[in-house]
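One structure below.
Residue numbers (this note's numbering), protein chains in the order written: chain A, 42 to 155; chain B, 51 to 162.
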């Protein structure tokens, strides 16, 4: 299994809603990432978990809350989002949290905030 | 610090044309270099990589050589196909930490 699976593929939410994005991998990777990608732009790093501990938070607003329940799962909890948060949210994983491995990406969740 | 600079797009080519997408980098130490491809509506897929100077990464007819002297990792393909239409991202990861640095992406459209 060489996949990173993300659900849902599409999500529409209002500014007062609470929703969660989910990501799963079964490759034994110990580093997992959340990226945000706006149209025609490169992915922007949001969070990195290394061995289930949050190791990087790129000054992301608190309305985004990551969670890593175990080494295979990564969640992103969303609350009180703004329309400018509409984007493609990509999950990725890698073998090593030491910067030597390649990233495996999921297909993303296309989020629209109304 | 670490950064990646990619040539501006979009690039439009006819089928069977030669492709070059330029990528240069700035990094401390000895980074690993990557090309990722993103097809419409999908996540990024690794296209090829090189981990040390003079390494050549290759896949699906695409090639890139890690040139330390010019800090470059240009992507080339001898004969593009319509199915190669996508956005291509150059990226690096340093020896320390686990942050990938992406270039701005180059959109390629191949017309029949």
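C-beta atoms are modelled at their ideal positions from N, C-alpha and C, and glycine is treated no differently.
Legend entry - Where residue 125/A falls: helix, strand or coil (DSSP): helix
(Q) Just to confirm before moving on: does the CB-CB distance between residue 117/A and residue 61/A stay below 8 Å? (A) yes
Cβ pair count under 8 Å reaching 3, the region 143-151 of chain A against the region 120-132 of chain A: yes
Practice prompt. From the DSSP output, in three-state form, read off residue 101/A for me.
Written response: coil
Within a Cβ cutoff of 7 Å, which residues of the same chain sit near residue 140/A, ignoring the five residues on either side of it in sequence? Summary for residue 140/A: the model assigns pLDDT 48, below 50, so the residue's position carries little reliability, and this model does not support an answer.
Taking contact to mean 3 or more Cβ pairs, one atom from each stretch, closer than 8 Å, check whether the region 65-84 of chain B and the region 95-104 of chain B are in contact. yes
**Item:** Beta carbon of residue 86/A nearer than 8 Å to that of residue 131/B
**Value:** no
| task | Can you tell me which of 162/B, 69/B, 138/B and 63/B puts its alpha carbon nearest to the alpha carbon of residue 97/B? | result | 138/B
| query | Since residue 86/A meets chain B, which of its residues come closer than 8 Å, beta carbon to beta carbon? | reply | 149 and 150
ask   = If contact means a Cβ-Cβ distance below 9 Å, which residues of the region 90-110 of chain B contact chain A?
value = 91, 92, 93, 94, 95, 96, 99 and 101
Task: Short CB-CB distance (under 8 Å) between residue 139/B and chain A - done: yes
* To do: Sort out for me which residues DSSP pairs residue 132/A with in a bridge.
  => 75/A
Decide if residue 95/A is buried, meaning its Cβ has at least 16 other Cβ atoms within 10 Å, or exposed. exposed
- Is the shortest distance between the beta-carbon of residue 140/A and the beta-carbons of chain B less than 8 Å? The predicted model places residue 140/A with a pLDDT of 48, which falls under 50 and marks its position as unreliable; any figure quoted below should be read in that light. It does: the Cβ of residue 140/A has a partner Cβ on chain B nearer than 8 Å.
As assigned by DSSP and simplified to three states, the class of residue 130/B: coil
Spatial distance of residue 56/B from residue 159/B (CA atoms)
17 Å
Rounded to whole angstroms, what's the CA-CA distance from residue 88/A to residue 107/A? Just pull it up for me. 8 Å
Closer than 8 Å, CB to CB, is residue 55/A near chain B or not?
no
Item checked: CB contact below 8 Å: residue 154/B versus chain A -> yes
(request) State yes or no: is the beta carbon of residue 131/A nearer than 8 Å to at least one beta carbon in chain B? (result) yes
Minimum Cβ-Cβ distance from residue 122/A to chain B less than 8 Å
no
*Under a three-way DSSP split, which group does residue 107/B fall into?*
strand
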